[in-house]
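Visitor:
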Amino acid sequence: MCCRQWAGAAAGSWRAFLAAVGASVLALFGAAGQSIMTSALENYINRTVAVITSDGRMIVGTLKGFDQTINLILDESHERVFSSSQGVEQVVLGLYIVRGDNVAVIGEIDEETDSALDLGNIRAEPLNSVAH
1 MCCRQWAGAA AGSWRAFLAA VGASVLALFG AAGQSIMTSA LENYINRTVA
51 VITSDGRMIV GTLKGFDQTI NLILDESHER VFSSSQGVEQ VVLGLYIVRG
101 DNVAVIGEID EETDSALDLG NIRAEPLNSV AH
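Residue numbers (the UniProt record's numbering): 1 to 132.
(1) Where does L119 fall in DSSP's three states?
(2) For the beta strand (DSSP E) containing Q90, list its first residue and its last residue.
(3) For D101, which of helix, strand or coil comes out of DSSP?
(4) Whole angstroms is fine: what's the gap from A124's alpha carbon to S84's?
(5) Report yes or no: do the region 103–116 and the region 75–93 share at least 3 C-beta pairs separated by less than 8 Å?
(6) Give the DSSP bridge partners of T53, in chain order.
(7) DSSP three-state label for T113, please.
(8) Just the Cα atoms here: how many angstroms apart are D75 and D101?
(9) Opposite residue 151 in the DSSP bridges: which residues?
(10) Can I52 and I109 be called in contact, C-beta distance under 9 Å?
(11) What does the Cβ neighbour count give for L28, buried or exposed, with the cut at 16 atoms within 10 Å?
(12) P126: which of A50, N43, M58, S39 sits nearest, CA to CA?
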């Protein structure tokens with residue numbers, strides 16, 4: 001998949017974008033894609049990350065570990081549940097494992113910016129599941 005397709009997918013919807021990113025990593029790198037991904041994840045150890053799962057959930061926590069299949073161990077984690085009618089609900093999960101085949105996107109959270117957000121006033125449609 002080329003960059004134009006990614007850009008088009010991102011402009012169209014999150015679901016299409018997430019599917020494009022996941023499929024592209026595997027298509028471009030094959031088995032080596034997982035190796036590249038695990039190397040990149042080492043930079044996130046003991047940092048606050050947000051994980052968007054393929055079923056549309058957003059989980060925030062401290063990345064404590066991962067394995068070669070990108071199973072993630074998050075500590076002090078919570079799920080952010082979005083709604084168009086009320087603020088973001090935070091469901092405490094604590095120590096949590098996310099299966100690697102359910103990880104669509106992972107990224108570091110800027111804690112200063114994140115703590116300044118008023119999640120109670122944020123309204124958003126929940127993400128749909130990612131279709132592969």
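Positions of the beta carbon are idealized from the N, C-alpha and C atoms, including for glycine. Please read these numbers as outputs of a predicted model, since none were measured by experiment.
Guide: Quick look at the numbers:
(1) Secondary structure at L119: helix, using DSSP grouped into helix, strand and coil.
(2) Start and end: 89–98.
(3) Of the three classes helix, strand and coil, the one that applies to D101 here is helix, per DSSP.
(4) For the pair A124 and S84, the Cα-to-Cα distance works out to about 5 Å.
(5) Contact between the region 103–116 and the region 75–93 is absent, because fewer than three Cβ pairs lie under 8 Å.
(6) Under DSSP, T53 shares a beta bridge with V103.
(7) In this structure, T113 counts as helix in the three-state DSSP scheme.
(8) A straight line joining the alpha-carbon of D75 with that of D101 spans about 19 Å.
(9) Absent from the structure is residue 151, since the part of the chain shown begins at 1 and ends at 132.
(10) Against a cut-off of 9 Å, the Cβ pair of I109 and I52 comes out as no contact.
(11) Low confidence applies here, because L28 scores a pLDDT of 43, under 50, leaving its location unreliable; read the following figure in that light. Exposed, by the Cβ-count rule.
(12) Of the candidates A50, N43, M58, S39, the one whose C-alpha sits nearest the C-alpha of P126 is M58.
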